[in-house]
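**Student:**
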Amino acid sequence: MPSTVLNGFTPWPAAAAERHREQGCWTGETFGDMLSARAAATPAATAVVDDAHRWTYAELDRRSRALATGLGRLGIGRDDRVLVQLPNRAEFVEVIFALFRLGALPVFCLPAHRRAELAPIATAIGATAMITVGVHQRFDHAALANSIRAEVHALRHVLAITDDARALPEGVLDLADFRDEPGPLPVLDASAVAFLQLSGGSTGIPKLIPRTHDDYLYSVRRSAQICELDPGTVYLATLPVAHNFPMSSPGILGALWAGGTVAMTPDPTPATAFAAIERFGVTITGLVPPLARLWVERAEAGATPNLSTLKVVQVGGARCQEELARRIGPALGATLQQVFGMAEGLVCYTRLDDPVEVVVATQGRPMSEFDELRVVDESGADVPAGTDGNLITRGPYTIRGYFDNAEANARGFTPDGWYRTGDVVRLRPDGNIVVQGRAGDWVNRGGEKVSAEELEAHLLEHPDIREAVIIGTPDPVLGQRICAFVQPADPARRPSLLSVRSFVRLRGVAAWKMPDDVVVIEDFPETGVGKTSRKELRRLVAEGARGR
Ligand code: AMP
Ligand code: DBH
31 MPSTVLNGFT
41 PWPAAAAERH
51 REQGCWTGET
61 FGDMLSARAA
71 ATPAATAVVD
81 DAHRWTYAEL
91 DRRSRALATG
101 LGRLGIGRDD
111 RVLVQLPNRA
121 EFVEVIFALF
131 RLGALPVFCL
141 PAHRRAELAP
151 IATAIGATAM
161 ITVGVHQRFD
171 HAALANSIRA
181 EVHALRHVLA
191 ITDDARALPE
201 GVLDLADFRD
211 EPGPLPVLDA
221 SAVAFLQLSG
231 GSTGIPKLIP
241 RTHDDYLYSV
251 RRSAQICELD
261 PGTVYLATLP
271 VAHNFPMSSP
281 GILGALWAGG
291 TVAMTPDPTP
301 ATAFAAIERF
311 GVTITGLVPP
321 LARLWVERAE
331 AGATPNLSTL
341 KVVQVGGARC
351 QEELARRIGP
361 ALGATLQQVF
371 GMAEGLVCYT
381 RLDDPVEVVV
391 ATQGRPMSEF
401 DELRVVDESG
411 ADVPAGTDGN
421 LITRGPYTIR
431 GYFDNAEANA
441 RGFTPDGWYR
451 TGDVVRLRPD
461 GNIVVQGRAG
471 DWVNRGGEKV
481 SAEELEAHLL
491 EHPDIREAVI
501 IGTPDPVLGQ
511 RICAFVQPAD
521 PARRPSLLSV
531 RSFVRLRGVA
541 AWKMPDDVVV
551 IEDFPETGVG
561 KTSRKELRRL
571 VAEGARGR
């Protein structure tokens, strides 16, 4: 079917697109088609559960059609950008499939996003609507959305999910009023953009990631296969579900693709999530490393709910230290899978039958035989096999450009379409990748380069240190000094600079890698998805956090 390409979207070159179709990656199926097919095949199987809902595939299918019809009545239609900011609850799935079916483009925001993130995004993309909740975890999302509407000219409608419609601010619509009798819906082209993801850690114009039905469903399908999902799968969305990892690696979409069940927990902490695992019979979930540490510590302490249904625990989003990786499987009674991915595309997995040494020490290998990877130096030349370099990639589900952002595209992509991941990696002879860190995660101390990740691994062996992050801080003489942020294992025993330095020295580490400062911190700042935020730590330093 002919389609006009969305303004601001960089499509794959025609030859590449044709190849991805011939290779069987892109099948022409849309998200709506996928849900219709599952609803026809297993209408009575459970598609989505949370504390308040249990919907079969037939119900989810009907609900998303009903809501699509109601939103269509509001004038929301093809290529309209709709900010979606929802916690992990069943309606998330209903809402995104309603938007997919209209050809409207959900823009996936995280519950932790606030005005400083949301308003520039809404402005940059000309969002016409926003779908959110009323009060969640004591924060009034509807009020925030309404105030953004006052600022952003194009933003006409704010809709909220709520138990108490009377408490919604004036002008915010109750989503429940838009579940109409299902009517006709547009026929869509799978090569069209289906939604926009946000790239983590951007400054300036927001970096939005356009994904098509074709490319994303391929990544979902491959992920579901690699993670061995089937109709018995119960995937627990533990991380904020709008993030690419719980959305698609294999995430909620993978579970639906396989005809399994999506379970939602609004709170990822062990107290709530462990109970959800027991109640819903969860078989697989995905965590970021700081959360994995919390879960492991709780499980190792004993007396948890019954976690015996759990078969696979994924960890990804940031480098998982081997020390932690080794504990995850035994503590949670599941197979560990490391996942190295990015919303821009490429996702790597360790395989479920990999030897333990591969699973604890690597971030796996690409999910697709059609992923192209190169490890290059600053000049763009390939580095010798097995040495560290910058990872660049291209393939059937890796974007060719951010949405409407020429400047970010000039930086983020090579002229021949490779995405510069910004990650420093080493490719092992067995094909597995070891992520050494972000290109910026090096401290340049008077010309000597110190790997944050390497030094962090040493600090984690210190008995009084639970978690450690190394960042470079400005120094008039050295250029940068080495600042170690450490979280004490026991708040009563705060590691001193002296003890940390002598500990590292005793481990036989070169003198120039000794931390110059140690900052004891009770809790690490986190990004919206729960990764430790180095950016925020740098800001703390700039604001004068002092070492001791
Ligand atoms: P985002 O921009 O939020 O999509 O984050 C993608 C980035 O997260 C990647 O480019 C990596 O820097 C990082 N990342 C994701 N998974 C892993 C992992 N398993 N190990 C190390 N870094 C990771
Ligand atoms: O961090 C990420 O963005 C990420 C991690 C694991 C991701 O996008 C993914 C898997 O798909």
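Heads up, the sequence shown is in the working numbering, so the first residue is 31 and it goes up one at a time.
We treat Cβ as the ideally placed atom computed from N, Cα and C, and that holds for glycine.
(1) Rounded to whole angstroms, what is the Cα-Cα separation between ILE501 and GLY467?
(2) Note down, one range per segment and in chain order, each alpha helix (DSSP H) of at least 4 residues found wholly within the region 329-401.
(3) Beta carbon of VAL369: closer than 6 Å to some heavy atom of the ligand DBH?
(4) Under the three-state reduction of DSSP, which class applies to ASP63: helix, strand or coil?
(5) Can you tell me whether GLU497 is helix, strand or coil according to DSSP?
(6) If you measure between the beta carbons of GLY290 and THR315, is that distance less than 7 Å?
(7) Just reading off the beta strand (DSSP E) that ILE463 is part of, what are its end residues?
(8) Could you pull out every unbroken beta strand (DSSP E) segment of at least 3 residues lying fully inside the region 160-239, listed in chain order?
(9) The beta strand (DSSP E) with ALA514 in it runs from where to where?
(10) Use the C-beta contact count for ASN435: other C-beta atoms within 10 angstroms, 16 or more gives buried, fewer gives exposed.
(11) Do LEU321 and VAL405 come within 7 Å of each other at the CB atom, strictly closer than that value?
(12) Does the beta-carbon of ALA355 have 16 or more other beta-carbons within 10 angstroms, so that it is buried, or is it exposed?
(13) Go through the region 424-482 residue by residue and report every complete run of the beta strand (DSSP E) that reaches 3 residues or more, in order.
(14) If you measure from the beta carbon of GLU147 to each beta carbon in chain C, is any gap under 7 Å?
(15) Three or more C-beta pairs under 8 Å: does that hold for the region 383-392 against the region 421-432?
(16) Quick check on ARG578: does DSSP put it in helix, strand or coil?
(17) So GLY316 is in the beta strand (DSSP E); what residue range does that whole segment cover?
(18) Considering MET277, what are the terminal residues of the alpha helix (DSSP H) in which it resides?
(19) If we count Cβ pairs, one from each stretch, closer than 8 Å, do we get three or more for the region 561-568 versus the region 530-548?
(20) So for VAL271, helix, strand or coil by DSSP?
(21) Measure from the alpha carbon of SER229 to the alpha carbon of each residue in GLU478, LEU283, ALA514, THR451, then state which is nearest.
(22) Return yes when the C-beta of GLY346 is under 6 Å from any heavy atom of the ligand DBH, and no when it is not.
(23) What number of angstroms, rounded off, separates the C-alpha of GLY431 from the C-alpha of SER278?
(24) Compute the minimum distance between the beta carbon of ASP418 and the heavy atoms of the ligand AMP, and state whether it is under 6 Å.
(25) Taking DSSP as the reference, what is the three-state secondary structure of MET31?
(26) Alpha carbon to alpha carbon, how far is GLU408 from ASN274?
(27) Mind checking whether the beta-carbon of ASN274 lies closer than 6 Å to any heavy atom of the ligand DBH?
(28) Any idea what DSSP makes of ILE126, helix, strand or coil?
(29) For VAL114, write down the residues that DSSP places opposite it in a beta bridge.
(30) On a Cα-Cα basis, can you pick out the residue from SER532, ASN462, GLY574, ALA440 that is closest to LYS237?
**Tutor:** Answer, in terms of the structure:
(1) Taking the CA atoms as reference points, ILE501 sits about 12 Å from GLY467.
(2) Every alpha helix (DSSP H) of 4 residues or more that sits fully in the region 329-401 is shown, in chain order, as 352-362, 386-391.
(3) Yes, since a heavy atom of the ligand DBH falls inside the 6 Å radius drawn around the Cβ of VAL369.
(4) DSSP, read as helix, strand or coil, puts ASP63 in helix.
(5) Secondary structure of GLU497 (DSSP, three-state): strand.
(6) Not a contact, by the Cβ cut-off of 7 Å.
(7) In the DSSP annotation of this structure, the continuous segment of the beta strand (DSSP E) that includes ILE463 starts and ends at 463-468.
(8) The qualifying runs are 187-191, 223-228.
(9) For ALA514, the enclosing beta strand (DSSP E) covers residues 509-518.
(10) Buried is the call here.
(11) Contact flag unset, no.
(12) Counting of Cβ neighbours within 10 angstroms places ALA355 among the buried residues, the total reaching 16 or more.
(13) Taking 3 residues as the minimum length, the beta strand (DSSP E) runs contained wholly in the region 424-482 are 449-457, 463-468, 472-475, 478-481, in order along the chain.
(14) Although the question refers to chain C, the structure presented lacks it and comprises just one protein chain.
(15) No: the two stretches stay apart, fewer than three of their Cβ pairs being nearer than 8 Å.
(16) Note that ARG578 scores 48 on pLDDT, short of 50, meaning its location in the model is unreliable; the coordinates nonetheless yield the value given after this. DSSP places ARG578 in coil when its eight states are reduced to three.
(17) Bounds of the beta strand (DSSP E) holding GLY316 are 314-317.
(18) For MET277, the uninterrupted alpha helix (DSSP H) segment begins and ends at 274-278.
(19) No: the two stretches stay apart, fewer than three of their Cβ pairs being nearer than 8 Å.
(20) In the three-state DSSP reduction, VAL271 falls in the coil class, being neither helix nor strand.
(21) Among GLU478, LEU283, ALA514, THR451, the Cα nearest to that of SER229 belongs to THR451.
(22) Yes, the ligand DBH has a heavy atom inside 6 Å of this Cβ.
(23) If you take the alpha carbons of GLY431 and SER278, they lie about 20 Å apart.
(24) No; taking the cut-off as 6 Å, the Cβ of ASP418 has no heavy atom of the ligand AMP nearer than that.
(25) Caution applies to MET31, whose pLDDT of 47 falls short of 50 and renders its modelled position unreliable; the value that the coordinates give is listed next. In this structure, MET31 counts as coil in the three-state DSSP scheme.
(26) One C-alpha to the other measures close to 28 Å.
(27) Remark: the shortest separation between the CB of ASN274 and any heavy atom of the ligand DBH falls under 6 Å.
(28) Of the three classes helix, strand and coil, the one that applies to ILE126 here is helix, per DSSP.
(29) In the DSSP output, where bridge partners are listed per residue, VAL114 has PHE138, ILE161.
(30) The option with the nearest alpha carbon to LYS237 is ALA440.
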